[in-house]
Each structure stands twice: as C-alpha cells, then as structure tokens.
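These notes concern the structure reproduced below.
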Amino acid sequence: MSATTKQPAPAASRHALPDPGESVPTISWPIVGIFSGAIAVFAFSTWAALTDRLPVPVTVVLSATAVFVLFTVLHDASHYSISTHRWVNVAFGRVAMFFVSPLISFKSFAFIHIEHHRNTNDDENDPDHFVSSAPWWQLPIRFPAMDVPYIGFLVRNVRRRPRAEVLETATLMTFSLTVIVWAAFTGNLWTLAVICLIPGRVAMFVLAWWFDWLPHHDLEDTQQENRYRATRNRVGSEWVLTPLLLSQNYHLVHHLHPSIPFHRYVATWRRNEEAYLERDAAIGTVFGQQLDPDEYREWKRINGKLARVLPVRMPERSSAHAAVFYPIRVASADRLTDDSVLISFDVPDDLRDEFSFEAGQHITVRTDLGGEGVRRNYSICSSATSDTLSIAVKHIPGGAFSTFAMEQLRAGDTLELMTPTGSFGTPLHPLATKNYVAIAAGSGITPALSILATTLAVETESRFTLIYGNRDADSTMFRDELDDLEAQYADRLRIIHVRSRDPRHPAHLRGRVDRPRLEQLLDVELTVASVDDWFMCGPFEMVTDLRELLIERGAEPDRVHVELFHGYQTRKVADDFSAATVAVTLRGRQHEFALAAGDTVLESALKARLDAPYACLGGACGTCKAKVLLGSVAMEQNFALSPAVVDDGYVLTCQSHPTTPTVTVDYDA
51 MSATTKQPAP AASRHALPDP GESVPTISWP IVGIFSGAIA VFAFSTWAAL
101 TDRLPVPVTV VLSATAVFVL FTVLHDASHY SISTHRWVNV AFGRVAMFFV
151 SPLISFKSFA FIHIEHHRNT NDDENDPDHF VSSAPWWQLP IRFPAMDVPY
201 IGFLVRNVRR RPRAEVLETA TLMTFSLTVI VWAAFTGNLW TLAVICLIPG
251 RVAMFVLAWW FDWLPHHDLE DTQQENRYRA TRNRVGSEWV LTPLLLSQNY
301 HLVHHLHPSI PFHRYVATWR RNEEAYLERD AAIGTVFGQQ LDPDEYREWK
351 RINGKLARVL PVRMPERSSA HAAVFYPIRV ASADRLTDDS VLISFDVPDD
401 LRDEFSFEAG QHITVRTDLG GEGVRRNYSI CSSATSDTLS IAVKHIPGGA
451 FSTFAMEQLR AGDTLELMTP TGSFGTPLHP LATKNYVAIA AGSGITPALS
501 ILATTLAVET ESRFTLIYGN RDADSTMFRD ELDDLEAQYA DRLRIIHVRS
551 RDPRHPAHLR GRVDRPRLEQ LLDVELTVAS VDDWFMCGPF EMVTDLRELL
601 IERGAEPDRV HVELFHGYQT RKVADDFSAA TVAVTLRGRQ HEFALAAGDT
651 VLESALKARL DAPYACLGGA CGTCKAKVLL GSVAMEQNFA LSPAVVDDGY
701 VLTCQSHPTT PTVTVDYDA
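Counting with the numbering used here, you get residues 51 to 719 for the letters of the sequence shown.
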C-alpha cells in the first residue's frame with residue numbers, strides 16, 4: 051500500500067450506501083445480445099482469416115472487438131449478475147473466458163476478480179494493481195500482459211481453491227500451450243496468431259487500459275478505507291463513451307454495487323447521484339480532470355438534474371400479537387447437500403405481515419405424520435429484506451420430520467407454520483458502521499446466513515466475517531449462496547471455511563471449530579476488541595465453550611449472541627418448587643389454572659389445553675417467551691434471552707417455575 055500519510059476518510063462512512071434500485075434479472079437480455087453478437091463477429095473474422103477474404107488488420111480488429119465485448123459477459127458472470135440462476139452465469143462465464151484468456155478457468159478468474167474488489171488499490175493484495183499502479187512508461191508493456199499477474203496470483207493462492215477449479219485451469223493451460231506448439235510444428239502458427247493470439251493481446255491491452263487503469267490510477271484509498279474513492283466515474287462525452295466502454299465509465303457504481311448488470315450502472319447513478327456526491331465520490335472528466343462534488347454539481351448544472359434518493363428497506367417483525375399456526379403451502383423443496391433440503395413457503399398475501407421476520411428469528415413447523423403429530427423448530431435462512439420465507443432441514447438419522455422432508459415433501463404440500471419468534475439477531479440501522487462475526491457449524495449456518503445477508507443489505511458500511519465449520523466442501527450447506535454473497539459484498543464480507551475431513555484444505559483451517567481453532571484465529575485473523583457483535587450457532591458444547599473463550603478475551607457478554615441446535619432436558623425435581631395459581635394472557639384472552647408442584651408454566655398451560663407457543667422445550671429457541679406481570683419465577687436454564695430482555699421481565703415459560711403463590715404472565719407482550 052502507499053506510504054503516503056493520508057487524512058481520515060471523509061464522512062462517507064457515516065452514511066448508508068444508497069439503494070441501487072436494481073436487482074439481478076432472471077436473464078439479462080443485453081448480455082445475451084452482446085454475447086451472441088460477439089460470437090458471430092468472431093466467427094465471421096475467423097472465416098475471413100481462413101479464406102483470406104479480408105486484410106489481416108481488419109480481421110484482427112474484428113476479433114479483438116469481439117473479445118473485448120466478451121469480457122463484459124465474463125465480468126457480469128463473475129458477479130452472478132446475468133441471471134438469478136447460478137448455472138446460467140457459469141455457462142456464459144466459461145464460454146466467454148475461453149475467448150478472453152484460455153489460460154485461466156472461469157472460476158479462477160471469478161476468485162481473482164473478487165479479490166480485486168475486496169482489496170482495490172492495495173498493492174500487496176490487489177491483483178489488478180500490476181496495471182493501475184504502474185509507471186506511465188511501463189504501461190504499454192503491462193497492458194497486454196494483464197493475465198500474467200493473474201496466473202501468479204492464482205499460483206500463490208492455489209491451496210485456497212477447490213481441486214476441480216485448479217484442475218480446470220491446469221487443463222486449459224495445457225490445452226492452450228499444446229495448440230500453440232502444434233500450430234508451430236505444422237506451419238499454422240501465423241494463422242493461429244491472426245485468429246486468436248494477436249487479437250487476444252490487442253483486446254487485453256484495451257481492457258487493461260479502459261477497465262483497470264482509467265478507473266483506478268492515482269487513487270490512494272483502498273476499498274477497505276473509503277469505497278467512494280477507491281475508483282471513479284468518468285463523465286463527459288457519454289453519448290460515445292458509455293457504449294464504447296460498455297458503461298465502465300461508471301466504474302464507481304460497479305464497485306459500490308457489484309451485482310448490478312452493466313447496462314444498469316447509469317440508471318443507478320442517476321437515481322442516487324446526490325447521495326453519492328454527499329459521500330465525496332471520486333469523479334473525473336473524459337480528459338482526466340478530477341472534480342470535487344461542488345465542481346461536479348456546477349458541471350452537471352448545464353447537463354441534467356439530480357435524482358432522488360430512496361431509503362433502505364428495513365425488516366419488520368411479525369404483526370402477530372402472539373405466535374399462532376397457519377396452514378402454508380410449500381413453494382419448493384430442493385436439495386442443498388446429500389443430507390439437507392431447502393424448503394421455501396408460499397405465504398399468502400393476507401398473511402405477509404404476520405410472517406414478516408427479522409434476521410435471526412425462527413418458525414415452528416407442525417404436521418401429522420402417520421397419525422402422530424410432530425413439531426420442530428427451524429431458523430429462517432432467507433434474508434429479512436427479501437420476500438422469501440425459507441428454512442433448511444438437515445437430515446438426522448431416525449428423525450421423523452427431517453426424514454419426511456428429505457424423502458417425501460414436495461412443492462404444493464401444506465405444512466402448519468407458527469408465525470416467526472425468537473431474537474437471535476440484533477437491531478440494525480442503515481447508518482451504522484459495525485464489525486460482526488458469526489461462528490457456525492453445519493446447519494448452524496441457517497440463522498447466520500439470514501443475519502449476514504440482512505445486515506450487509508441494511509448496514510451498507512458494516513463488515514461481516516463468517517467462520518463456518520463443515521466436514522468438507524460437499525457437506526457445506528449454502529456453499530453457492532455464500533460464494534454469491536462474497537461476490538456481491540466483496541469488500542465487506544469474509545468467509546473462513548474450517549473443514550475437518552478435507553486433506554487439501556489449508557492446514558491452519560483443517561479440523562473443527564473449537565476453542566483451540568478460535569484461539570488461533572483470534573491471535574492471527576481477528577481481535578475481540580474490534581468486533582461489535584458475535585453470533586454463534588451450533589452444538590451445545592461448541593457454543594458454550596466458545597462463548598466462554600470470547601468473554602475471557604474481553605468480549606462483553608451482551609455482545610455474544612448464541613443459538614443452539616437444541617437445549618437439553620434437566621431432571622424434573624418437584625421438591626424444590628411449590629404449587630401455584632397461574633394467570634395467562636394468550637391472544638387477547640385471559641386464562642387461570644392451577645400449577646402442580648414441579649411443573650413449569652408452559653407445562654401447566656398445556657395441561658389446561660391452551661395452545662401456548664413452544665418448540666424445543668430445552669430453553670434454546672425462545673418460542674415460549676412471555677412477560678411476567680405479577681409474581682416471580684425461576685428459570686432452570688436460558689440459552690435464548692439476553693440479560694437485558696430478562697431484566698425487562700421476560701422469561702422462557704418452558705423453564706419457569708413459580709416462586710410466589712400466584713403468577714401472571716403475558717404471551718402477547
């Protein structure tokens with residue numbers, strides 16, 4: 051990084067990133083159009099070269115133009131912005147990559163490019179810094195050799211990459227070199243050079259110049275320091291510059307919102323122009339003059355009008371006064387891994403408010419299996435800013451519902467769902483600038499995924515680290531979704547995979563997520579003092595042990611949030627508790643009944659035939675939360691409510707024994 055002493059970043063970090071107002075389409079037809087056109091042009095120029103129908107310079111220019119255009123296809127594919135279907139992006143990316151540089155696989159390029167986004171202008175970690183920081187006299191040499199440092203970067207990080215990706219890149223390199231050697235020995239090297247080699251270098255020269263050097267040169271701020279000044283927009287002569295650069299003159303918009311398709315950059319800038327200017331966005335003219343916001347406003351005064359700024363969508367809790375079951379249709383049931391399934395629900399419009407949720411909440415599923423009703427509690431894994439309600443179920447050998455979900459559940463089936471409950475997440479604010487860490491093992495990713503995706507969408511200046519433990523890559527739930535999130539939030543999201551049964555995984559990340567592993571990460575990767583909130587979800591022993599370690603290292607207990615796979619049942623001892631009279635408010639109605647010595651408030655309510663909310667019965671999920679209005683109770687264990695919530699009078703009724711002759715609790719509070 052530059053050794054120049056810099057002033058603190060301007061006030062941009064105190065502002066939420068404006069809503070781009072754009073999303074990934076089902077299919078990006080502009081990409082389909084330029085892809086088809088580029089392939090057709092390349093095919094024509096190849097035919098012309100083979101038949102000598104056109105002069106060599108003309109065929110070279112045509113082929114180079116086709117390769118240049120195909121880079122935009124590759125670029126959007128690497129950010130998964132061509133389609134909401136992941137395989138479509140990969141298919142377009144693989145084909146385009148073969149024309150742009152057949153020495154590297156698409157997945158390898160995507161990894162390298164995301165590292166550029168994450169570390170823009172960091173000379174040690176930005177693979178594109180080879181070009182953007184080069185002295186002017188070296189540029190003609192470095193521009194056409196842009197893929198050389200990419201290969202070096204890939205070699206340095208080869209152990210971080212999946213075996214299939216490395217093998218694909220090695221195969222492409224071998225194939226490319228074999229074709230060149232074959233052409234040389236058969237006297238066809240000049241033909242190959244005219245068709246592929248020379249156009250490829252010409253296109254690489256222009257790409258490095260227009261896509262890399264022009265947006266980034268002479269900017270000292272890194273993406274981590276100030277995202278609004280790590281790259282720039284280039285304004286002026288846009289009637290020709292925008293189509294010529296395929297909108298990359300608005301490169302700043304791309305770095306701020308990487309998942310937006312290229313043809314929507316201009317619309318996004320116009321939508322939020324004033325908001326970007328308030329954050330001191332870097333802007334240059336077509337001739338290289340740098341403009342501060344006031345200078346740009348004056349420049350803009352004679353060219354257009356400012357657009358409005360729309361607020362970030364904030365997630366809301368369920369409008370239900372107390373948890374209640376509704377029959378909800380299954381929209382889809384798709385395999386995530388060999389032993390897990392993703393279930394999405396088709397919530398009717400009239401129940402949308404009831405099933406609104408905040409990140410970290412969960413739902414209880416109830417169904418009748420062979421005449422024996424079961425209920426299970428599952429964390430919501432979808433983002434609270436989306437319009438989707440989804441859970442992920444991991445198969446437990448012998449588990450009634452998980453076996454049913456894996457083997458029999460289909461789209462169109464109906465399950466009874468309880469409205470969302472729980473409070474694993476924390477309040478979010480669009481202007482917050484925080485640092486979060488989530489630690490999850492196996493299916494513990496489900497609440498962490500919702501919290502992670504929601505937080506990054508709402509708090510656009512906050513950062514997130516996920517430490518995720520699994521056996522191997524194949525057993526990793528939401529592996530593709532996590533890759534997509536890393537591509538979308540390259541500069542703010544870091545995922546550390548820990549794997550216990552993958553011999554090729556880096557040695558320092560091989561094993562389980564346990565106390566020694568976290569101690570190692572705290573010594574090298576993380577510092578407790580820099581983290582605002584911790585989220586941990588997994589087996590009881592892992593979560594409690596790691597929570598104890600973080601508190602020992604100085605973390606505030608209220609900042610360490612835990613969610614367990616399940617609680618554990620304590621031995622019932624009636625001698626320690628007395629009988630009592632309990633009054634309950636549930637869904638607006640008052641109920642009173644006697645409680646036998648040793649029973650919990652929830653047990654007595656269920657004996658009185660009240661449909662009180664519950665799920666785990668082990669103090670882990672928080673579904674049975676209620677507020678004590680009169681009297682007092684003692685909780686045997688509590689893994690769901692924070693100390694602040696308990697101080698406000700809330701308890702887990704599945705763990706609460708009255709310590710006064712009468713107790714009044716309110717499930718609706």
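Idealized CB from N, CA, C, for every residue including glycine.
Nonlocal neighbours in the same chain, by C-beta distance under 8 Å from residue i, ignoring five residues either side
{"i": "R460", "result": "V380, A383"}
{"i": "I570", "result": "The sequence shown places Gln at residue 570, rather than the Ile named in the question. Excluding residues within five positions, the ones whose Cβ falls inside 8 Å are H558."}
{"i": "L565", "result": "First, the residue type needs correcting, since residue 565 is Arg and not Leu in the sequence shown. Excluding positions up to five away in sequence, the list reads D595, L596, L599."}
{"i": "E215", "result": "S155, K157, S158, F161"}
Residue from the options whose Cα sits closest to the Cα of residue i
{"i": "A644", "options": "K484, D172, T712", "result": "T712"}
{"i": "H304", "options": "T228, S128, A234", "result": "S128"}
{"i": "Y49", "options": "R560, D176, P377", "result": "Only positions 51 to 719 of the chain appear in this structure, which leaves residue 49 out of reach."}
{"i": "R562", "options": "R416, R549, V632", "result": "R549"}
{"i": "E536", "options": "T96, I162, L112, F94", "result": "I162"}
{"i": "E218", "options": "F156, L257, S183, N175", "result": "F156"}
{"i": "Y539", "options": "F590, L516, L239", "result": "L516"}
{"i": "V374", "options": "F395, S692, L636, A507", "result": "L636"}
{"i": "D126", "options": "P311, L294, R168, F85", "result": "P311"}
{"i": "D437", "options": "F395, G681, Q340", "result": "F395"}
{"i": "V106", "options": "T241, F337, A214", "result": "T241"}
{"i": "F203", "options": "R213, A214, E215, N175", "result": "N175"}
{"i": "D722", "options": "E288, Q340, V581, L294", "result": "Only positions 51 to 719 of the chain appear in this structure, which leaves residue 722 out of reach."}
{"i": "P199", "options": "F235, N276, A258, D649", "result": "A258"}
Residue i, enclosing beta strand (DSSP E) - first and last residue
{"i": "S706", "result": "706-708"}
{"i": "Y326", "result": "Note, Y326: premise wrong, no beta strand (DSSP E); alpha helix (DSSP H) at 323-328."}
{"i": "D720", "result": "There is simply no residue 720 to check, as the chain begins at 51 and stops at 719 in what is shown."}
{"i": "Y518", "result": "513-520"}
Helix, strand or coil at residue i according to DSSP, with G and I counted as helix
{"i": "T650", "result": "coil"}
{"i": "D438", "result": "With the sequence shown as reference, residue 438 is identified as Thr, and Asp is not the correct amino acid for it. Looking at T438 - three-state DSSP - the assignment turns out to be coil, as it is neither helix nor strand."}
{"i": "R284", "result": "strand"}
{"i": "V563", "result": "coil"}
{"i": "M223", "result": "helix"}
{"i": "T714", "result": "strand"}
{"i": "T703", "result": "coil"}
{"i": "A427", "result": "First, the residue type needs correcting, since residue 427 is Asn and not Ala in the sequence shown. Correct three-state label for N427: strand."}
{"i": "L67", "result": "coil"}
{"i": "V336", "result": "coil"}
{"i": "N299", "result": "helix"}
{"i": "P377", "result": "strand"}
{"i": "H445", "result": "coil"}
{"i": "Q640", "result": "strand"}
{"i": "A689", "result": "Contrary to the premise, residue 689 reads as Phe rather than Ala in this sequence. Three-state DSSP puts F689 in coil, outside helix and strand."}
Residue i - containing alpha helix (DSSP H), residue span
{"i": "S500", "result": "495-508"}
{"i": "I162", "result": "156-168"}
{"i": "Q538", "result": "529-538"}
7 Å Cβ shell around residue i - same chain, five flanking residues per side excluded
{"i": "A434", "result": "P365, F407, E408, A409, S500, T504"}
{"i": "L104", "result": "A98"}
{"i": "L302", "result": "T281, R282, N283, A331, A332"}
{"i": "Q274", "result": "D541"}
{"i": "F405", "result": "S368, V397, L439, T469, P470"}
{"i": "L572", "result": "V578, R603"}
{"i": "S432", "result": "T438, L439, S440, S500"}
{"i": "V359", "result": "With a pLDDT of only 34 at V359, under the threshold of 50, the placement of this residue in the model should not be trusted, and no figure is reported."}
{"i": "D522", "result": "R549, R551, D552"}
{"i": "T109", "result": "S95, A98, A99, V244"}
Contacting residues, own chain, Cβ-Cβ under 6 Å from residue i (five flanking each side not counted)
{"i": "A658", "result": "F643"}
{"i": "S151", "result": "D197"}
{"i": "R209", "result": "P556"}
{"i": "L327", "result": "P343"}
{"i": "I77", "result": "S133"}
Near the ligand FAD: residue i beta-carbon under 7 Å from a heavy atom
{"i": "E404", "result": "No copy of the ligand FAD occurs in the structure displayed, which carries no ligand at all."}
**Message:** I want to know whether the stretch 264-282 touches the stretch 128-147 - three or more CB-CB distances under 8 Å.
**Reply:** The stretch 264-282 makes no contact with the stretch 128-147; the number of CB pairs closer than 8 Å stays below 3.
**Inter-stretch contact (C-beta, 8 Å, three-pair minimum) for the stretch 177-194 and the stretch 224-238** = No contact exists between the stretch 177-194 and the stretch 224-238.
**Asked** Is there contact between the stretch 509-529 and the stretch 593-609, where contact requires at least three CB pairs shorter than 8 Å?
**Response** Remark: fewer than three beta-carbon pairs, one from each stretch, lie closer than 8 Å, so the stretch 509-529 and the stretch 593-609 are not flagged as touching.
**Asked** Does the stretch 463-477 touch the stretch 661-673, meaning 3 or more C-beta pairs lie closer than 8 Å?
**Response** Contact holds: three or more Cβ-Cβ distances are below 8 Å.
**Message:** Within 8 Å, do at least three Cβ pairs link the stretch 698-708 to the stretch 490-500?
**Reply:** No, the stretch 490-500 does not touch the stretch 698-708.
**Asked** Does the stretch 306-324 come close enough to the stretch 64-84 to have 3 or more Cβ pairs within less than 8 Å?
**Response** Touching, yes.
**Prompt:** Counting pairs of beta carbons, one from the stretch 254-270 and one from the stretch 75-93, are three or more of them closer than 8 Å?
**Reply:** Contact between the stretch 254-270 and the stretch 75-93 is absent: fewer than three C-beta pairs spanning the two stretches fall below 8 Å.
**Prompt:** Taking contact to mean at least 3 C-beta pairs separated by less than 8 Å, is the stretch 168-175 in contact with the stretch 240-249?
**Reply:** Result no; under three Cβ-Cβ pairs closer than 8 Å.
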